[in-house]
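K.L.:
Numbering of the sequence shown is given in our numbering, commencing with residue 73 and proceeding in unit increments.
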Amino acid sequence: MSLPTSHKQFLSYYRQLMSDAGGDIPYRSKLRPSDIKPLLPWVTMAERQGTRHLIPTIVGSAIDDVLQASFTGVNLFDFMPKEVADRFDAFYTNITDIPCCGHMVRTLAGENGLMRGYHSTQLPLRSASGQIDRLVGIVSVSKEQPLLTEFGKPQDIQTVDITAEDYIDLGFGVPKL
């Protein structure tokens, strides 16, 4: 698997957080935005509250601009067809429960055919209670059309195809594919 350069930089930063935590999964509070300032427009954070329940709490401004929809505070599974929702739920479950790093490449399409090639690298985080139920990640997107002037709605964005799904061992293993 070959990660985009920004994803490699983000993974390197995350591994430093793990090192600072004695090789364990870092707490969400240990992330320092000033350490990754150039990457922030492409960074996401989400809270996982069980099966088919993932709520982005932070979505970088560049992601909103490219998607032309804001997913902050919305359960991502509310807009997924069942055939994709099962795969995504397994993907996010692996990241928090093993825990490991997950990388997915998929084709997204909106009503206006806005973009394709959505790379997402997600990593686990601990909440203040110590539970591994947070995700932090970075996204990169190649788009087909120039940015539009108005935001769309989350339900307008659909996964057309998942072209790659890989995991990176953080020291706790990876799922068998």
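Even for Gly, the Cβ is constructed at its ideal location relative to N, Cα and C.
Would you mind reading off the limits of the alpha helix (DSSP H) that contains residue 90?
P.N.:
Unbroken alpha helix (DSSP H) run through residue 90: 77 to 92.
K.L.:
Helix, strand or coil for residue 146, going by three-state DSSP, please let me know.
P.N.:
In this structure, residue 146 counts as coil in the three-state DSSP scheme.
K.L.:
If contacts are defined as beta-carbon pairs under 8 Å, then residue 130 and residue 116 qualify, I think. What distance do you get, rounded to the angstrom?
P.N.:
About 6 Å separates the two Cβ atoms, so the contact holds.
K.L.:
Assuming residue 89 and residue 193 make a contact with CB atoms under 8 Å, what is their CB distance in whole Å?
P.N.:
14 Å between Cβ atoms; not a contact.
K.L.:
Taking 8 Å as the cut-off, does the stretch 134 to 147 touch the stretch 202 to 216 (at least 3 CB pairs, one atom from each stretch)?
P.N.:
Result yes; three or more Cβ-Cβ pairs closer than 8 Å.
K.L.:
Going by alpha carbons, who is nearest to residue 256 out of 108, 158, 202?
P.N.:
Summary: the structure shown does not reach residue 256, with the chain confined to residues 73 through 249, and so no result is reported for it.
K.L.:
Please identify the residue among 98, 171, 197 whose C-alpha is closest to the C-alpha of residue 240.
P.N.:
For the residues 98, 171, 197, the minimum Cα distance to residue 240 belongs to 171.
K.L.:
Cβ of residue 196 within 9 Å of Cβ of residue 97?
P.N.:
It is a contact, given that the beta carbons lie within the stated cut-off.
K.L.:
Please state the DSSP three-state secondary structure of residue 201.
P.N.:
Correct three-state label for residue 201: coil.
K.L.:
Give the secondary structure of residue 168 by DSSP, where H, G and I count as helix, E and B as strand, and everything else as coil.
P.N.:
Residue 168: helix per DSSP, three-state reduction.
K.L.:
My output table needs one value for residue 128: the three-state DSSP class, helix, strand or coil.
P.N.:
Residue 128: strand per DSSP, three-state reduction.
K.L.:
Assuming residue 255 contacts residue 178 (C-beta within less than 8 Å), just tell me the rounded distance between them.
P.N.:
Because residue 255 is not part of the residues shown, which for the chain are 73 to 249, the question remains open.
K.L.:
For residue 206, is the classification buried or exposed, using 16 other Cβ atoms within 10 angstroms of its Cβ as the cut-off for buried?
P.N.:
Residue 206 should be labelled buried.
K.L.:
Which term fits residue 121, buried or exposed, when burial requires 16 or more other beta carbons within 10 angstroms of its beta carbon?
P.N.:
So residue 121 counts as exposed.
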